[in-house]
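Visitor: Before we start, here is the structure in question, set down as structure tokens.
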């Protein structure tokens with residue numbers, strides 16, 4: 001409980017290692033969204049800026065292509081949830097939580113956010129698939145932030 | 001000044017504790033924006049994806065509902081300002097700042113961003129309420145980032 | 001390689017100092033995007049909320065002003081790339097990378113993202129200027145996240 005943060009930011013700490021692993025997986029997943037958006041842009045020849053319409057005569061500007069906007073919504077949802085998780089998870093490691101609980105929460109967030117992307121932006125799966133995967137990552141993130149707030153009081 | 005970062009990431013360091021507390025409060029506030037968006041979506045029966053229109057016959061897709069878009073703008077503004085604060089504040093702790101100044105800056109950012117959300121997305125308050133609350137968090141965040149840049153040179 | 005994180009989050013560690021410097025520069029750059037958006041709003045008298053239209057009779061609400069939307073796209077692109085870099089770079093420092101490589105990667109990301117903003121939102125430069133500056137920051141960020149994932153395994 002009253003351990004120094006120093007002793008926790010340590011690769012012998014399995015909780016920290018698990019946090020690093022799942023965070024870097026989610027970083028990679030999130031960065032891939034840019035490529036997925038680009039892929040949809042080239043596939044549909046639909047761009048956001050005049051200077052991007054240079055490859056074919058069919059290139060056009062539009063902001064309502066459903067395939068592109070779907071990927072962009074999934075990407076924004078990542079920013080709303082994965083970026084806060086990076087902070088919440090890091091702080092949570094510093095509260096010296098139970099290793100079993102913490103490692104499983106990190107796994108849950110990691111797997112849930114990967115599933116969220118798949119059912120949102122890769123193959124559209126009917127609800128409540130996206131809702132469940134959203135809350136399976138959202139609730140643990142809220143829990144971690146709450147634990148940190150209580151701990152820091 | 002030349003203290004090791006190690007000695008600062010420590011729960012005996014009141015500056016670090018204050019940073020952790022206000023960051024976790026802002027994490028929770030920011031995560032709540034997703035629920036507020038969802039609330040507005042169900043209340044106005046307006047969704048962003050076809051697969052979300054499953055509850056009532058009146059469910060529709062639209063991207064211009066003023067209640068929803070207002071919450072989404074507030075949420076995006078959080079991402080533009082609170083997420084950089086997490087990083088700026090953390091680095092700033094590592095520069096071993098005056099405790100009195102640092103703790104009050106963290107409080108200011110925390111309170112200002114809560115007020116920003118209230119006057120933007122909960123009860124719309126005429127300007128300059130939102131402008132003041134915006135800059136009351138923006139200027140301290142810029143100050144912290146500047147201190148870090150100077151310190152790291 | 002197996003060094004404690006503790007020994008790396010240290011101002012004697014040139015890699016950490018370089019990370020702090022470039023991250024704080026990018027923080028400042030990114031925060032400036034809000035001011036640039038505001039500037040475009042006042043210049044074009046185009047706002048996002050009714051309560052913001054208070055200065056002149058010509059103030060209007062619109063979400064399709066090309067000057068404003070261009071800055072907002074550049075700002076969103078920053079959130080999609082610079083915010084993940086803060087996390088990826090921090091973790092990467094903890095993997096105790098080669099100083100020469102790490103410091104040059106941080107420089108590359110920092111300079112590339114500054115150029116990205118200039119060619120996107122200040123003076124529009126034909127492609128592939130923006131594409132090159134995007135990938136010059138994107139690829140190093142992916143590389144860092146990959147290194148962390150491998151390290152944490």
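Chains as they are written, first to last, in our numbering: chain R, 1 to 153; chain S, 1 to 153; chain D, 1 to 153.
Quick reminder that beta carbons are idealized off the backbone N, C-alpha and C, glycines included.
1. Anything in chain S within Cβ reach of residue 146(R), meaning under 8 Å, just list it in chain order.
2. Would you say residue 127(S) reaches chain D, if we count a Cβ-Cβ gap shorter than 8 Å as a contact?
3. Could you tell me whether any Cβ in chain A is nearer than 8 Å to the Cβ of residue 73(S)?
4. From residue 44(D) to residue 70(D), what distance separates their C-alpha atoms?
5. Across which residues does DSSP place residue 46(D) in a beta bridge pair?
6. Quick check on the burial criterion: 16 or more other C-beta atoms within 10 angstroms. Buried or exposed for residue 126(R)?
7. If I'm right that residue 48(S) touches residue 73(R) with Cβ under 8 Å, what's the distance once you round it to whole angstroms?
8. Using the beta-carbon count (16 or more within 10 Å), is residue 54(S) buried or exposed?
9. Using three-state DSSP, classify residue 114(S) as helix, strand or coil.
10. Could you tell me the alpha carbon to alpha carbon distance between residue 103(D) and residue 18(D), rounded to whole angstroms?
11. Flag this pair as yes or no: are the beta carbons of residue 152(R) and residue 21(S) separated by less than 8 Å?
12. Hey, how far is the Cα of residue 93(S) from the Cα of residue 42(R)?
13. In the DSSP assignment, find the alpha helix (DSSP H) that holds residue 139(D) and state where it starts and stops.
14. With C-beta atoms as the reference, is residue 142(S) less than 8 Å away from residue 36(D)?
15. Would you verify that the beta carbon of residue 91(D) is, or is not, closer than 8 Å to some beta carbon of chain R?
16. Can you list, in chain order, the residues of its chain with a C-beta nearer than 7 Å to that of residue 10(D)? Leave out the 5 residues immediately preceding and following it.
17. Return no unless some Cβ of chain S is closer than 8 Å to the Cβ of residue 88(R).
18. Show which residues of chain S have a CB atom less than 8 Å away from the CB atom of residue 17(D).
19. So what's residue 126(D) in DSSP terms, helix, strand or just coil?
20. Residue 140(S) and residue 108(S) look like a contact to me (Cβ under 8 Å); what is the Cβ gap, rounded to whole Å?
21. Quick one: does residue 142(D) have its CB under 8 Å from some CB of chain R?
22. I need the DSSP call for residue 84(D), collapsed to helix, strand or coil.
23. Just to make sure I have the definition right: I need the residues of chain S whose C-beta is within less than 7 Å of the C-beta of residue 20(D). Which are they?
24. Compare the C-beta of residue 83(D) against all C-beta atoms of chain R and say whether one is closer than 8 Å.
25. How is residue 13(R) classed by DSSP in three states: helix, strand or coil?
26. Taking a cut of 8 Å between CB atoms, which residues from the region 34-48 of chain D lie near chain S?
27. Compute the Euclidean distance between the alpha carbons of residue 39(D) and residue 116(S), then round it to the nearest angstrom.
28. Mind checking whether residue 138(D) and residue 81(D) have CB atoms under 8 Å apart?
29. Out of 14(S), 147(S) and 24(S), which has the shortest C-alpha to C-alpha gap to residue 91(S)?
30. Say whether chain S places a C-beta atom closer than 8 Å to the C-beta of residue 138(R).
31. So, is the C-beta of residue 14(R) closer than 8 Å to a C-beta in chain S?
32. Excluding sequence positions up to five away, which residues of its chain have a Cβ less than 8 Å from the Cβ of residue 7(R)?
33. I need the DSSP call for residue 18(R), collapsed to helix, strand or coil.
34. Just checking: is the beta-carbon of residue 123(R) within a distance shorter than 8 Å of some beta-carbon in chain S?
Guide: Taking the structure as given:
1. 24 and 28
2. So yes, residue 127(S) belongs to the interface.
3. Absence of chain A from the displayed structure is noted, the protein chains being R, S and D.
4. 13 Å
5. The partner list for residue 46(D) (beta bridge, DSSP) reads 60(D).
6. That one is exposed.
7. 6 Å
8. exposed
9. helix
10. 6 Å
11. yes
12. One C-alpha to the other measures close to 44 Å.
13. 129-152
14. no
15. yes
16. 16
17. yes
18. Those are 152, listed as they occur along chain S.
19. When DSSP states are grouped into helix, strand and coil, residue 126(D) belongs to the coil group.
20. 6 Å
21. yes
22. helix
23. Those are 91, 148 and 152, listed as they occur along chain S.
24. yes
25. coil
26. 34 and 48
27. About 20 Å.
28. With a cutoff of 8 Å on beta-carbon distance, residue 138(D) and residue 81(D) are scored as near each other.
29. Closest by alpha carbon: 147(S).
30. yes
31. Using beta-carbon distances, residue 14(R) does not count as an interface residue toward chain S, since no partner is under 8 Å.
32. 13
33. Of the three classes helix, strand and coil, the one that applies to residue 18(R) here is helix, per DSSP.
34. It does not: the Cβ of residue 123(R) has no partner Cβ on chain S nearer than 8 Å.
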